[in-house]
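>
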Amino acid sequence: MKIFKYNVVLIGCQMNVSDAERIKGILEDMGLVNSNERNEADVVIVTTCGVRQHAEDRIYGIIPRIKKHNPKSIIVLTGCLSKRQDVINRLNKHVDIWLNAKDMANLSQLLFEKLPTLKPQPKNIESLKNYLSLQPKYTSKYSAYVPIGNGCNNWCTYCVVPKARGSEAYRAPEEILNEVRGLIKNNYKEITLIAQNVDSYNFIDESNNSTSFATLLQQVDDLEGEYWLRFSTNHPKDISNDLVQVIKNGKRICPHIHLPVQSGDDEILKAMNRNYTKEEYLRLVDTIRINLDAELPATITTDIIVGYPQESLDQFNNTAQLMREVSFDMVYISQYSPRPNTASYNLNDNVTTEEKKRREDELTEILKTTNSANNRKYIGKNIRVLIIGNKKGYIIARTNTGKNVKIKIDNELNSKQIIGEFANVTIIDAESYKLYGKIIKSQ
Numbered sequence: 009m010k011i012f013k014y015n016v017v018l019i020g021c022q023m024n025v026s027d028a029e030r031i032k033g034i035l036e037d038m039g040l041v042n043s044n045e046r047n048e049a050d051v052v053i054v055t056t057c058g059v060r061q062h063a064e065d066r067i068y069g070i071i072p073r074i075k076k077h078n079p080k081s082i083i084v085l086t087g088c089l090s091k092r093q094d095v096i097n098r099l100n101k102h103v104d105i106w107l108n109a110k111d112m113a114n115l116s117q118l119l120f121e122k123l124p125t126l127k128p129q130p131k132n133i134e135s136l137k138n139y140l141s142l143q144p145k146y147t148s149k150y151s152a153y154v155p156i157g158n159g160c161n162n163w164c165t166y167c168v169v170p171k172a173r174g175s176e177a178y179r180a181p182e183e184i185l186n187e188v189r190g191l192i193k194n195n196y197k198e199i200t201l202i203a204q205n206v207d208s209y210n211f212i213d214e215s216n217n218s219t220s221f222a223t224l225l226q227q228v229d230d231l232e233g234e235y236w237l238r239f240s241t242n243h244p245k246d247i248s249n250d251l252v253q254v255i256k257n258g259k260r261i262c263p264h265i266h267l268p269v270q271s272g273d274d275e276i277l278k279a280m281n282r283n284y285t286k287e288e289y290l291r292l293v294d295t296i297r298i299n300l301d302a303e304l305p306a307t308i309t310t311d312i313i314v315g316y317p318q319e320s321l322d323q324f325n326n327t328a329q330l331m332r333e334v335s336f337d338m339v340y341i342s343q344y345s346p347r348p349n350t351a352s353y354n355l356n357d358n359v360t361t362e363e364k365k366r367r368e369d370e371l372t373e374i375l376k377t378t379n380s381a382n383n384r385k386y387i388g389k390n391i392r393v394l395i396i397g398n399k400k401g402y403i404i405a406r407t408n409t410g411k412n413v414k415i416k417i418d419n420e421l422n423s424k425q426i427i428g429e430f431a432n433v434t435i436i437d438a439e440s441y442k443l444y445g446k447i448i449k450s451q
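Next comes the structure, spelled out in structure tokens:
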């Protein structure tokens, strides 16, 4: 009997990683096996991202190339571009199945229509109300994403997510807790709760009882086990004092908050429909610092868009000043890219590509300075890290604050055996974007 193979082309955010893991679960439940070779795969899954033009452009090269070298393959396109008509028109001759995330539970039936000899018959997953309930095939053996919801109700003017993924829908708390319990049982060390906006999580059960994200996070943190608990991504307007207190008092919750600001100028923030001001953002940062900073400060990271339509030099300078004031540990800087089906798409994109690049470079230099200063606070500290890999003579680890640590491989250590384990290290040096450490050996 023929063994059918699949391959996944992963493009996009952590939600796409989670989606791909659930798709893998469906495929392996149907008897397919994973292959690293796209050209020999019977089914190729392509997760797509429509947030930036560069990510979109990648699929226009990848998908025709797959079909050229493997014409009999069944190509399944999912992710943020799966519903856009212009993308469908452009790639329809190459794509066999267009799969919206919320229709993912139908994938097995759609594949049977294309490959009727597939065996064994899949379980009856079509009846599931929420595709997030599907059993995933986790990529990592020690770190996992657990989606708590899907979709977004915020309608930021530059963002495709509400149109691509729909309005917010949440998983029941007990379902989330059961997935986390399974991960703890299987010795996972790092668990990240994810959604487009975790802070807006508000599950209402049949008795009209509601569970907020602060309550959910507390419930997960209460589960016994040796693991770190993370969450992402957040919207500044939705972070409550209750949530900050849960993080402060948590036993396993990492003191690392990703807090996308997008701009440091009030007029641009209003144009983006972000629903907070610069001062409100700074007050939130102060609240986080007051409550979460300890021997080492909590990590605050962010996203910033440069060159939003009509962004003046003075408005950009307000963003640069905010970066200096907050002293972020990491900033994911992107140049504004007009996206179809967004409110800003038809605005005059009047900031030149060259000026966007100059502004990005200026913010990058500020980041190098603040990141280096923040990292130097770690020198001489003994901290706990999670070993995540090895590369070019170094063990690579991560702190609970999300910082990468390079540790020179010792002949006494088997670096492969300790991947996915916690270790205690002394930080001996620091530079922008990384720390250097030495493992503290038990006596």
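Using my numbering, the first residue of the sequence shown is number 9, and each one after it goes up by one.
Even for Gly, the Cβ is constructed at its ideal location relative to N, Cα and C.
Small disclaimer: the values here were computed from a predicted structure and weren't measured.
Which whole-angstrom value is the C-beta distance of Phe6 and Thr377, which I expect to be below 8 Å?
Beyond the ends of the chain as shown, which are 9 and 451, falls residue 6; an answer cannot be given.
> Under the three-state reduction of DSSP, which class applies to Leu277: helix, strand or coil?
Note: Leu277 maps to helix in three-state DSSP.
> Leaving out five residues before and five after Ile387 in sequence, what residues of the same chain have Cβ atoms less than 6 Å from its Cβ?
The residues are Ile435 and Ala438.
> What is the rounded straight-line gap between the Cα of Asn379 and the Cα of Ala306?
Each residue's alpha carbon lies about 13 Å from the other.
> Between which two residues does the alpha helix (DSSP H) carrying Ser240 extend?
Where Ser240 is concerned, there is no enclosing alpha helix (DSSP H), although the beta strand (DSSP E) it sits in stretches over Trp236 to Ser240.
> Run through the region 347 to 402 for me and flag every whole alpha helix (DSSP H) of 4 or more residues, listed as ranges in chain order.
Entirely contained in the region 347 to 402, the alpha helix (DSSP H) runs reaching 4 residues are, in chain order, 361 to 384.
> Between the Cα of Arg260 and those of Cys167, Arg392, Pro181 and Val168, spot the shortest distance and give me the residue it belongs to.
The option with the nearest alpha carbon to Arg260 is Arg392.
> Between Asp27 and Thr56, is the Cβ-Cβ spacing less than 8 Å?
Not in contact: Asp27 and Thr56 (Cβ atoms no closer than 8 Å).
> Got a sec, what are the start and stop residues for the beta strand (DSSP E) Ala431 sits in?
Start and end: Phe430 to Glu439.
> With three or more C-beta pairs closer than 8 Å as the rule, is the region 354 to 364 touching the region 395 to 410?
Cβ pair count under 8 Å is below three, so no.
> With distances taken between CB atoms, is the gap from Asn15 to Ala49 smaller than 8 Å?
The answer is yes: Cβ separation under 8 Å.
> Give me the DSSP bridge partner(s) of Glu198.
Paired residue(s): Ser151 and Trp236.
> Go to Gln343, then tell me how far its beta strand (DSSP E) extends in each direction, as first and last residue.
Looking at the DSSP string, the run of the beta strand (DSSP E) that includes Gln343 is Met338 to Gln343.
> Tell me Ser218's beta-bridge partners as DSSP assigns them.
Partner(s): Ile212.
> Could you say if the region 28 to 37 and the region 66 to 73 meet the contact criterion of at least three C-beta pairs nearer than 8 Å?
No, they do not touch.
> To the nearest angstrom, how far is the alpha carbon of Ser220 from that of Leu251?
Rounded to whole angstroms, Ser220 to Leu251 spans 9 Å at the Cα level.
> Figure out for me which residue from Asn108, Ile82 and Leu107 has the closest Cα to the Cα of Pro124.
Considering only alpha carbons, the answer is Ile82.
> Could you tell me if Arg291 is buried or exposed, where buried requires 16 or more neighbouring beta carbons within 10 angstroms of its beta carbon?
By the neighbour-count rule (16 or more Cβ atoms within 10 Å), Arg291 is not buried but exposed.
> So, under 8 Å CB-CB, Tyr209 and Ile156 are touching, yes? Tell me the CB distance rounded to an integer number of Å.
Yes, they are in contact, since the Cβ atoms of Tyr209 and Ile156 sit about 6 Å apart, within 8 Å.
> Give me the Cβ distance between Lys256 and Asn299, rounded to the nearest whole Å; I'm assuming they're in contact under 8 Å.
Correct: roughly 5 Å between the Cβ atoms.
> Pick out whichever of Asn354, Tyr196 and Ser342 has its Cα sitting closest to the Cα of Thr372.
Ranking the options by Cα distance to Thr372, first place goes to Ser342.
> To the nearest angstrom, report how far apart His102 and Lys122 are at their CA atoms.
Distance between the alpha carbons of His102 and Lys122: 14 Å.
> Roughly how many angstroms separate the alpha carbons of Val433 and Tyr402, rounded to a whole number?
Spanning the two alpha carbons is a distance of roughly 14 Å.
> Please confirm if the region 157 to 172 is in contact with the region 196 to 206, defined as three or more CB-CB distances below 8 Å between the two stretches.
Touching, yes, given that three or more Cβ pairs across the two stretches are closer than 8 Å.
> Relative to the alpha-carbon of Tyr195, which residue among Gly233, Asp207 and Gln253 has its alpha-carbon at the smallest distance?
Residue identity check: residue 195 is Asn in the sequence provided, not Tyr. Nearest option by C-alpha distance: Gly233.
> Between which residues of its own chain and Asn78 is the CB-CB distance below 6 Å, once the five residues before and five after are set aside?
Here the set comprises Asn47.
> Does DSSP classify Asp418 as helix, strand or coil?
Here Asp418 sits in coil by DSSP.
> Using the DSSP secondary-structure output, state which residues sit across from Gln270 in a beta bridge.
DSSP, once it has assigned bridges, lists Ile312 as partnering Gln270.
> Quick one: Cα of Gly272 to Cα of Val41, how far?
If you take the alpha carbons of Gly272 and Val41, they lie about 48 Å apart.
> So, Ile417 versus Asn390, is the Cβ gap smaller than 8 Å?
Not in contact: Ile417 and Asn390 (Cβ atoms no closer than 8 Å).
> Mind checking whether Ser141 and Met38 have CB atoms under 8 Å apart?
It is not a contact, given that the beta carbons lie outside the stated cut-off.
> Would you report the Cα separation of Lys286 and Asn216, rounded to the nearest angstrom?
The straight-line gap from Cα to Cα measures roughly 36 Å.
> Tell me the DSSP bridge mates of Lys405?
In the sequence on display, residue 405 carries Ala and not Lys. DSSP, once it has assigned bridges, lists Ile395 and Val413 as partnering Ala405.
> Can you tell which of Ile396, Glu29, Ala222 and Ala381 has the C-alpha that lies nearest to the C-alpha of Leu304?
It is Ala381.
> Straight-line CA distance for Ala109 to Tyr139?
Approximately 7 Å between the Cα atoms of the pair.
> Can you tell me whether Leu321 is buried or exposed? The criterion is at least 16 other CB atoms within 10 Å of its CB, across all chains shown.
Exposed, because fewer than 16 other Cβ atoms sit within 10 Å of the Cβ of Leu321.
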